[in-house]
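For any residue, its number in my numbering is found by taking its place in the sequence shown, counting from 1, and adding 8.
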Amino acid sequence: MISVDNLAVEFNGSTLFKDVSFVINETDKIALMGKNGAGKSTMMKIIAGVQNATRGNVRCPKETVIAYLPQHLLTEDNCTVKEETAKAFQYIFDMKAEMDSLNKELETRTDYESEAYMKIIERVSELGEVYYALEEINYEAEVEKALKGLGFKQEDFDRPTSEFSGGWRMRIELVKILLQKPDLILLDEPTNHVDIESVIWLEDFLLNKAKAVVVISHDKTFIDNITNRTIEVTMGKIYDYKANYTHYLQLREERRSHQIKAYQEQQKFIADNKAFIERFKGTFSKTNQVASRERMLEKLEIIEIDEVDNSSLKLKFPPAARSGDTPVVVEDLTKKYGDHTVFNNANMTIKRGEKVAFVGRNGEGKSTMIKAIMGEIEVDGKCEQGHNVQIGYFAQNQASLLDNSLTVFQTVDEVAKGDIRTQIKNILGRFMFSGDAIDKKVGNLSGGEKTRLAMVKLLLEPVNVLILDEPTNHLDLKSKDVLKEALLDFNGTLILVSHDRDFLHGLANKVFEFKDQRVIEHFETIDAYLERHNIESLKELDL
C-alpha cells in the first residue's frame, strides 16, 4: 500500500494543488483525470520520485518497487534492444560496482581506526546485506525470455532501438518494467504514438499481469477498459471515485449539481441573515442576535462549485473546389529501404468523398504510403493525385516541426496570405488562443497547444483531400470530439491514420490494412474491422 499524504505543490507563489491525500492499494487500476494544467503529470512525477513536492510525503514500505513510464519515452538510440532492456537491472549492477570499488579501497587504506574507514565498512555491509539477499538471477536469460514473451524475435535483440517504431519502443520500456516486478506502474499518456495492436497488448498486460496501476490518458476507450477507480485533480484538490471514466463523468455531474444546489441555498441563507442584520442593527432588543449572526457569517465556509473547462475548439473545414472522381490512384507500388521492403505491388483507389482509414502495426508502411501520395519520397510503380486535388496534410510529427522561437501569432502570420491575415486573431480565438496567449513562444506551449496551432496552419487554405497522420496525439478529450465532428461534416475526401479507437469509431467507411508488405482493402466500416481485428490480434499475441 502506497500513501500520498498532504501533498502540496507551489510555483512562483501560485498553488497547483494542496493538502492532497489518497491511498493506492495493491490491485488498484486508477485513472488520473483533470483538465490540462491541473497538475496530473506533476503529481505522477512526485509519486515516481523524480520530482519533489513543496510539502507532504509519499510513503510506502521500504521494499516497494515503483516503475514510471513518462509521456516521452527515454529509450536511447545508441543501445541495442537487449542492452536497453538490461537497464532494468542497472540498480543491481550499480550496487555490485560500488561494492567492488569500496572493497578495493579498503585493501589499499591503512587508517583502520579512522572514522572514514569505518564509514566505508558500514557502507559495504549495508550494500552486501541487500545484494546477497537477492535471488540468484541469470540476467541475460531473463532479458531474452521477457523480450520473446512480448513479441521480439531473436534477431531483434542486437538491432539498435532507433530502428523500431514507437509501439515497439514502448514494449522495450514495458519489458524493463516487467523485469523489475513493480508493485506500482505509473503511465503518462502511454498510447501516444502507439499502434492499435500495441494498445490492445498493453490493456491485456495491465489487466492480467500488473499489480497497481495509475494512468493518465486522453484515450477514453483505453482508460475505460483498464481502470476501476478515477481520481480527478481540480482546483487544487482531488475527488476520488470508485468508478471507471464513463461512470465517473456521470458521478461528477451529479456532484456538481449538488454543489450548485447547496451553493444557492447557502447564498439565500447568507442573504437572509444579512437582511436581518441590516434591519435590526441598532435595535437594543436584537443586539445579541445581530452579533451572533455576524459572528456566524464570519466563520461560514463558502461552498465552492467545481470549475468547468468551458474553453473549446471551434473547428470547421472551409469549403473547397470539387476534385476529380478519384483523388488518389496507386497501382503496383513498391517501396524498399535497402534490403527492407515496406510494401510490395500495393494497389489502392480512393474515390471522391470517401473517408478511409489506414490501419496496421507501426512500421508496416502507413506513413510511408502517405509520403508517397504526397510525392515526398521516390517509389517504384504508379502513385498519382487526381484532377484538381488540393491536399491538406497533417504529419504525425507536425506539432514538433513548429519553430519554437516564434510566438503563436508569428507562426500563423508567417504563412497567412491575402485577406486571411486580417482574421488571424479571430482564427486563433477559435483554437483557444486569445489575449496574452497569442504572444506566447511556441517553445512554451504544451503538446496539446502545439497540436492545435499546427491545425490552424492546416486550415489557412481550402482543401478537398485531408490526410491526417495521428492528429489526436496530445489533444484532450473535448478537442478530439470537436475534431471528429468537423471530420464527419467535411465533404471532401479523408485519409486517416489513428491508433485511437474511440476517435476512429464511426469515421471511416473503408479500411486499408498494412500487413506483411501488403496493402489489403476491406470494404467495411472501421467499427466492423476493429471488432474483428481486436479478437484476432489478442489470439495472435498469445498473451
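Beta carbons: idealized from backbone N, C-alpha and C, even for Gly. Since this is a predicted model, take the numbers as computed values, not measurements.
Candidates the options, of which the one nearest residue i by Cα
i: residue 28; options: 479, 487, 246; result: 246
i: residue 42; options: 225, 166, 494; result: 225
i: residue 334; options: 301, 146, 100, 392; result: 392
i: residue 235; options: 250, 241, 244; result: 250
i: residue 229; options: 47, 186, 511; result: 511
i: residue 266; options: 232, 406, 311; result: 311
i: residue 470; options: 396, 450, 496; result: 396
i: residue 58; options: 40, 70, 496, 78; result: 78
i: residue 451; options: 421, 491, 409; result: 409
i: residue 146; options: 528, 136, 101; result: 101
i: residue 40; options: 104, 197, 165; result: 197
i: residue 222; options: 52, 438, 528, 530; result: 52
i: residue 254; options: 237, 242, 411, 453; result: 237
i: residue 302; options: 95, 282, 292; result: 282
Straight-line gap, residue i to residue j (C-alpha atoms, nearest Å)
i: residue 207; j: residue 509; result: 10 Å
i: residue 76; j: residue 307; result: 44 Å
i: residue 258; j: residue 285; result: 41 Å
i: residue 534; j: residue 153; result: 35 Å
i: residue 468; j: residue 227; result: 28 Å
i: residue 378; j: residue 478; result: 12 Å
i: residue 342; j: residue 350; result: 8 Å
i: residue 18; j: residue 327; result: 47 Å
i: residue 269; j: residue 189; result: 48 Å
i: residue 33; j: residue 9; result: 5 Å
i: residue 38; j: residue 239; result: 7 Å
i: residue 108; j: residue 160; result: 34 Å
i: residue 463; j: residue 47; result: 25 Å
i: residue 456; j: residue 199; result: 15 Å
i: residue 300; j: residue 23; result: 34 Å
i: residue 552; j: residue 60; result: Any question about residue 552 goes unanswered here, given that the chain covers just 9 to 551.
i: residue 415; j: residue 449; result: 4 Å
i: residue 122; j: residue 210; result: 54 Å
i: residue 536; j: residue 516; result: 10 Å
i: residue 117; j: residue 106; result: 17 Å
i: residue 423; j: residue 170; result: 33 Å
i: residue 514; j: residue 496; result: 9 Å
Beta carbon of residue i nearer than 8 Å to that of residue j
i: residue 191; j: residue 217; result: no
i: residue 3; j: residue 15; result: Because the chain spans 9 through 551 in this model, residue 3 falls outside it and cannot be assessed.
i: residue 475; j: residue 399; result: yes
i: residue 324; j: residue 494; result: yes
i: residue 244; j: residue 331; result: no
i: residue 389; j: residue 339; result: yes
i: residue 505; j: residue 374; result: yes
i: residue 353; j: residue 176; result: no
i: residue 131; j: residue 114; result: no
i: residue 139; j: residue 103; result: yes
Spatial neighbours of residue i in its chain, beta-carbon cut-off 7 Å, leaving aside the 5 residues before and after
i: residue 523; result: 368, 372
i: residue 532; result: 519
i: residue 540; result: none
i: residue 26; result: 16, 244
i: residue 345; result: none
Host beta strand (DSSP E) of residue i (start-end)
i: residue 238; result: 237-242
i: residue 281; result: Not the beta strand (DSSP E): residue 281 falls in the alpha helix (DSSP H), residues 253-288.
i: residue 349; result: 348-358
i: residue 393; result: 388-393
i: residue 336; result: 336-345
i: residue 25; result: 22-32
i: residue 249; result: 245-249
i: residue 37; result: 37-41
i: residue 13; result: 10-19
i: residue 526; result: 526-530
Residues of its chain near residue i, where Cβ-Cβ distance is below 8 Å and the 5 sequence neighbours each way are ignored
i: residue 288; result: 294, 297, 298
i: residue 544; result: Annotation note: pLDDT 48 at residue 544 (below 50); position unreliable, coordinate value reported separately. Nothing listed; no residue qualifies.
i: residue 417; result: 432, 433, 436, 446, 447
i: residue 93; result: 151, 154, 155, 180, 183, 184, 187
i: residue 359; result: 333, 334, 335, 501
i: residue 136; result: 107
i: residue 165; result: 88, 89, 90, 152, 155
Same chain, Cβ closer than 6 Å to residue i, five either side skipped, listed in chain order
i: residue 72; result: 191
i: residue 11; result: 31, 67
i: residue 318; result: Interpretation of residue 318 is limited by its pLDDT of 48, a score under 50 that renders its predicted location unreliable; no figure is taken from the coordinates.
i: residue 551; result: Residue placement at residue 551 cannot be trusted, given a pLDDT of 31 that sits under 50; what the coordinates show is reported in the next sentence. Result list for residue 551: 212, in chain order.
i: residue 62; result: 16, 17, 18
i: residue 441; result: 416
i: residue 407; result: 458, 459, 462
The ligand SAH heavy atom lying under 7 Å from the CB of residue i
i: residue 365; result: The ligand SAH is absent from the structure shown, which contains no ligand whatsoever.
Limits of the alpha helix (DSSP H) - the one that residue i falls within
i: residue 192; result: Taken as a continuous stretch (DSSP letters only), residue 192 belongs to no alpha helix (DSSP H), being part of the beta strand (DSSP E) at 192-196.
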